[in-house]
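To start, the structure itself, in structure tokens.
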């Protein structure tokens, strides 16, 4: 089953075209990594899928619902409010710099959306939060505030916060880029565990060895275009594409 | 001496009424003004900006006189003096508070709203539960300044004949040929502001549970 379907997506910031006719899809249970140099449009693509940016034209479908589509008359329309709200719930996003709510405890960071959006009862929301914290190895942190945690712990809380809404697909926007190298590993381990559980994920990352290890499929983007798409083996070991090669050479993989 | 103190306490009561009523009206009004100032609708933001410029760019004493006398010249009738004071102070302080709120709101990292949006929070919930609590903490020092100024600004109400603390003290000084009542008034203002400062300290401490 296809969870995300992106077709002919175009996006410009004033005069700069950041996404040029992007198309790809993501299946249930699949882990897709998007790699590419800075400014290649990979984060923007993720932000369009999570509806933090509006696209100029093209189609984005989440599950079987269209978030946005362009019809044959080239008119691009976004879904109505209700559909939009349902789509939002099915896509989670983990940010590069966590964006936890600093004035909420760890517990409330995870329960707030469940209670406000899903109308889950407080007890149930807390139970779900405790399960997730346990899974993230943060059982003793529920009453802590984000500033009391290390970067890696904060990022794990933000993953728990996203998972609490039981999204169909979880997106990661360079989840380790704001972390010290020695903290990177703990986040990558969490994502690996999620991959084992067949969580559908889309990961924008600069961690090449990680992308190679966990992905079912890798997309290499540059200057707003998908240059190459394929299995990690194909991309990292057997690519014939000059640009892909040039990019990967810098990482020594 | 007892009679003097009784008089001054009556004056203080009037000053405190002006103080609290001004806060009650200007604090929420300031938020509306701030929202207007940040509006994407050009005409709204420029109108509100003009209002803020006038309020901050002219003396409060002049605004007070205007609010009290303008209705008389335009409509031939005027509001009572006390009401005029509250209106003038509320719209003046709302302009200052609005700019403080705006600074606070714009200082909140936009990632906070993005996180709220991705989690499905409504716009209102994001504003009331994510943005505002953080804004309140950040603007406390600036608000403290403004509120302390308000305590002292209540003395201007005498311009249109409202018998607040300073007016009462001046009258007593004139009767007694002595400056003592004025210094006592000074002490009263000082005590009121000591309480205001202490309250703000307490609130800041209370909000210190996170960074």
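Residue numbers (this note's numbering), protein chains in the order written: chain C, 192 to 444; chain B, 178 to 388. C-beta: ideal position from N, C-alpha, C; glycine also.
Residue burial classification, residue i (beta-carbon count within 10 angstroms, cutoff 16)
| i | result |
| --- | --- |
| residue 347 (chain C) | buried |
| residue 266 (chain C) | exposed |
| residue 380 (chain C) | exposed |
| residue 364 (chain B) | exposed |
| residue 412 (chain C) | buried |
| residue 467 (chain C) | Nothing can be reported for residue 467 (chain C), as the shown portion of chain C is limited to 192 through 444. |
| residue 343 (chain C) | buried |
| residue 322 (chain B) | exposed |
| residue 178 (chain B) | exposed |
| residue 292 (chain C) | buried |
| residue 246 (chain B) | exposed |
| residue 197 (chain B) | exposed |
| residue 372 (chain B) | exposed |
| residue 293 (chain B) | buried |
| residue 300 (chain C) | buried |
| residue 183 (chain B) | exposed |
| residue 354 (chain B) | exposed |
| residue 360 (chain B) | exposed |
| residue 218 (chain B) | exposed |
| residue 375 (chain C) | buried |
| residue 264 (chain C) | exposed |
| residue 357 (chain B) | exposed |
| residue 243 (chain B) | exposed |
| residue 242 (chain C) | buried |
Close beta carbons around residue i, own chain, < 7 angstroms, minus the five adjacent residues each side
| i | result |
| --- | --- |
| residue 341 (chain B) | 188, 191, 192, 195, 331, 332, 334 and 335 |
| residue 203 (chain C) | 209 and 247 |
| residue 418 (chain C) | 411, 412, 432, 434 and 435 |
| residue 204 (chain B) | 274 |
| residue 219 (chain C) | 192, 194 and 391 |
| residue 426 (chain C) | 409, 411, 419 and 435 |
| residue 368 (chain C) | 287 and 397 |
| residue 289 (chain C) | 345, 346 and 349 |
| residue 259 (chain B) | 339 |
| residue 353 (chain C) | 283, 284, 285 and 361 |
| residue 226 (chain C) | 396, 399, 402, 409 and 411 |
| residue 232 (chain C) | 209, 210, 412 and 415 |
Beta-carbon proximity list for residue i, same chain, < 6 angstroms, skipping 5 on both sides
| i | result |
| --- | --- |
| residue 334 (chain C) | 296 |
| residue 146 (chain C) | With chain C represented from 192 up to 444, any question about residue 146 (chain C) goes unanswered, as that position is not in the structure. |
| residue 405 (chain C) | 222, 383 and 386 |
| residue 260 (chain C) | 250 |
| residue 363 (chain C) | 285 and 394 |
| residue 238 (chain B) | 333 and 336 |
| residue 403 (chain C) | 423 and 427 |
| residue 269 (chain C) | 259 |
Residues of its chain near residue i, where Cβ-Cβ distance is below 8 angstroms and the 5 sequence neighbours each way are ignored
| i | result |
| --- | --- |
| residue 295 (chain B) | none |
| residue 244 (chain C) | 202, 235 and 238 |
| residue 224 (chain B) | 213 |
| residue 320 (chain B) | 274, 277 and 377 |
| residue 313 (chain C) | 302 and 306 |
| residue 365 (chain C) | 234, 287, 395, 396 and 397 |
| residue 249 (chain B) | 255 |
| residue 267 (chain B) | 198, 199, 202, 203 and 206 |
Rounded Cβ spacing between residue i and residue j (contact assumed at less than 8 angstroms)
| i | j | result |
| --- | --- | --- |
| residue 275 (chain B) | residue 207 (chain B) | 4 angstroms |
| residue 304 (chain C) | residue 298 (chain B) | 7 angstroms |
| residue 328 (chain B) | residue 269 (chain B) | So it is not a contact: roughly 14 angstroms between Cβ atoms. |
| residue 200 (chain C) | residue 249 (chain C) | 3 angstroms |
| residue 317 (chain B) | residue 380 (chain B) | 6 angstroms |
| residue 279 (chain B) | residue 215 (chain B) | 6 angstroms |
| residue 241 (chain B) | residue 272 (chain B) | Going by Cβ atoms, the distance from residue 241 (chain B) to residue 272 (chain B) rounds to 14 angstroms, so no, they are not a contact pair. |
| residue 325 (chain B) | residue 374 (chain B) | 7 angstroms |
| residue 200 (chain B) | residue 314 (chain B) | At roughly 19 angstroms, the Cβ-Cβ gap does not stay under 8 angstroms, so residue 200 (chain B) and residue 314 (chain B) are not in contact. |
| residue 196 (chain C) | residue 224 (chain C) | Residue 196 (chain C) to residue 224 (chain C), Cβ: 18 angstroms. No contact. |
| residue 294 (chain C) | residue 311 (chain B) | 6 angstroms |
| residue 228 (chain C) | residue 438 (chain C) | 6 angstroms |
Within chain E, the residues that residue i reaches when beta carbons sit closer than 9 angstroms
| i | result |
| --- | --- |
| residue 292 (chain B) | Of the protein chains in the structure, C and B, none is chain E. |
The segment 291-305 of chain B / the segment 350-364 of chain B touching (three or more Cβ pairs under 8 angstroms) = Not touching, per the Cβ criterion.
Three or more C-beta pairs closer than 8 angstroms, one from the segment 433-443 of chain C and one from the segment 214-234 of chain B: is that the case here?
-> no
In chain order, which alpha helix (DSSP H) runs of at least 4 residues are fully inside the segment 344-386 of chain B?
-> With a minimum length of 4 residues, the continuous alpha helix (DSSP H) runs that stay inside the segment 344-386 of chain B are 357-383.
Pairing CB atoms from the segment 278-288 of chain C with CB atoms from the segment 353-367 of chain C, are three or more of them under 8 angstroms?
-> yes
If you pair each beta-carbon of the segment 254-272 of chain C with each one of the segment 414-423 of chain C, do three or more pairs fall below 8 angstroms?
-> Pairwise C-beta distances place the segment 254-272 of chain C out of contact with the segment 414-423 of chain C, as fewer than three of them are shorter than 8 angstroms.
Is it true that the segment 314-326 of chain C meets the segment 270-278 of chain C, where meeting means three or more beta-carbon pairs spaced less than 8 angstroms apart?
-> no
Beta strand (DSSP E) runs wholly inside the segment 228-264 of chain B, at least 3 long, in chain order | Segments of the beta strand (DSSP E) lying fully in the segment 228-264 of chain B: there are none.
Mind pulling the alpha helix (DSSP H) runs of 4 or more residues that sit fully within the segment 296-334 of chain C?
-> 297-307 and 313-326
Ignoring anything shorter than 3 residues or poking outside the segment 301-340 of chain B, list the beta strand (DSSP E) runs there in chain order.
-> none
Go through the segment 334-386 of chain C residue by residue and report every complete run of the beta strand (DSSP E) that reaches 3 residues or more, in order.
-> 360-364
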